[in-house]
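S.K.: Each residue of the sequence shown is one higher than the last, beginning at 1 in the UniProt record's numbering.
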Amino acid sequence: MAAWLLWLIAAGLFAAGEVVSLDLVLLMFAGGALGGMTVALLGGATVLQLVAFIAVSGVLLALVRPIATKHLTNRSPLQLDGVDTLIGRTAKVTQEIDSSGGRIRMGADEWTARSQHSGETFAVGETVRILQVEGATAVVGDALE
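Here is the structure:
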């Protein structure tokens, strides 16, 4: 089997492994394998192919991976995720809500809820706005629609 084909297979295996690990290390090794394949296609000796693999992998790990990792994990303060995306949404009351508890429905999801202030209650069928989420309980207030 031709050396370039072995390098291509190795690059594919590294790339497939990256799909599982999601760490960007195996992807850099895949790039190194493509470097080794390039030297093999140019007729370089096995030692030169290995040197190309190590050199390209090292450069990618040292220079490209930190930048790529930063771009993949960096998020602006304006990006919301998790339960923060629920804040500000409206929901229908399915079980009367007071400061000690109740239930709301948002689409197909039903949540436990409580009012923000003691003495504040919401009847079944009312629309409320989610003000914050504490654990699995939504703290709600007037929807003011």
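Cβ coordinates follow ideal geometry from the N, Cα and C atoms, glycine included.
Can Ala108 and Ala138 be called in contact, C-beta distance under 8 Å?
M.R.: For Ala108 and Ala138, no; Cβs fall outside 8 Å.
S.K.: Would you list, in sequence order, the uninterrupted alpha helix (DSSP H) runs of no fewer than 4 residues that lie entirely inside the segment 15-100?
M.R.: You should have 25-41, 46-59 and 65-73.
S.K.: Does the contact criterion of 3 or more C-beta pairs under 8 Å hold for the segment 54-68 versus the segment 78-98?
M.R.: Flag = no, the segment 54-68 and the segment 78-98 do not touch.
S.K.: So Thr127 is in the beta strand (DSSP E); what residue range does that whole segment cover?
M.R.: Residues Thr127 to Glu134.
S.K.: In chain order, what residues of the same chain lie with their CB nearer than 7 Å to the CB of Ser118, ignoring the 5 residues before and after it?
M.R.: Once the five neighbours on either side are set aside, the close Cβ partners of Ser118 are Ser99.
S.K.: Touch check for the segment 48-67 and the segment 23-35: three-plus C-beta pairs under 8 Å?
M.R.: Enough Cβ pairs lie closer than 8 Å, so yes.
S.K.: Which word fits Met1, buried or exposed, when buried means at least 16 other C-beta atoms lie within 10 angstroms of its C-beta?
M.R.: So Met1 ends up on the exposed side.
S.K.: What did DSSP end up calling Gly102 once you bin it into helix, strand or coil?
M.R.: Reduced to three states, the DSSP call for Gly102 is strand.
S.K.: Please report the distance separating the alpha-carbon of Leu131 from that of Leu61.
M.R.: Answer to the nearest angstrom: the Cα atoms are 44 Å apart.
S.K.: In three-state DSSP terms, what is Gly12?
M.R.: Residue state, collapsed to three classes: helix.
S.K.: Go ahead and label Val19 buried or exposed: buried means 16 or more other beta carbons lie within 10 angstroms of its beta carbon, across all protein chains shown.
M.R.: Its Cβ having fewer than 16 others within 10 Å, Val19 is exposed.
S.K.: Tell me the rounded alpha-carbon separation between Glu126 and Val133.
M.R.: Those two C-alpha atoms are separated by around 19 Å.
S.K.: Buried or exposed for Ile9, going by 16 or more other Cβ atoms inside 10 Å?
M.R.: Under this definition Ile9 is an exposed residue.
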